[in-house]
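Numbering (the numbering used here), first residue to last: 35 to 170.
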């Protein structure tokens, strides 16, 4: 049976807040994907640390591809680790979109990357999309 908070938020067209869906108390067994799948936080952190010696704190919670807020530790960028079906679909869609954008940008006159480099980057994101679509 649904939690009363879930019924109210569903009736209002909103997603449950943390704690109303059981995610924050450990009842949600799924591994999710951050809704910003194309922003490689680890790579950005490494770049900042290497350049400036400074690193910001990771967020405690993030909004996921399925719309829930969960602890950052319950997310993964690796398609094989993501078990939430809605997050897998979100990851698939986002990586396909990013691949298309990269190819378009690589084909523009004056682009800072070659067409071949853009093609390799786009293929990497298509591979991630295929892996997200392939199941848990």
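Beta carbons are placed, not taken as given, at the ideal position from N, Cα and C, and that holds for glycine.
Secondary structure at residue 85: helix, using DSSP grouped into helix, strand and coil. Under the DSSP assignment, residue 119 falls in the alpha helix (DSSP H) whose first and last residues are 119-140. Under the 10 Å beta carbon count, residue 89 is surrounded by fewer than 16 other beta carbons and is classified as exposed. Going by C-alpha positions, residue 135 is about 27 Å away from residue 65. Going by DSSP, residue 165 is part of the alpha helix (DSSP H) stretching over 149-167. Rounded to the nearest whole angstrom, the C-alpha separation of residue 61 and residue 104 is 11 Å.
Just measuring C-alpha positions, the residue of 94, 92, 107 and 111 sitting nearest residue 67 is 111.
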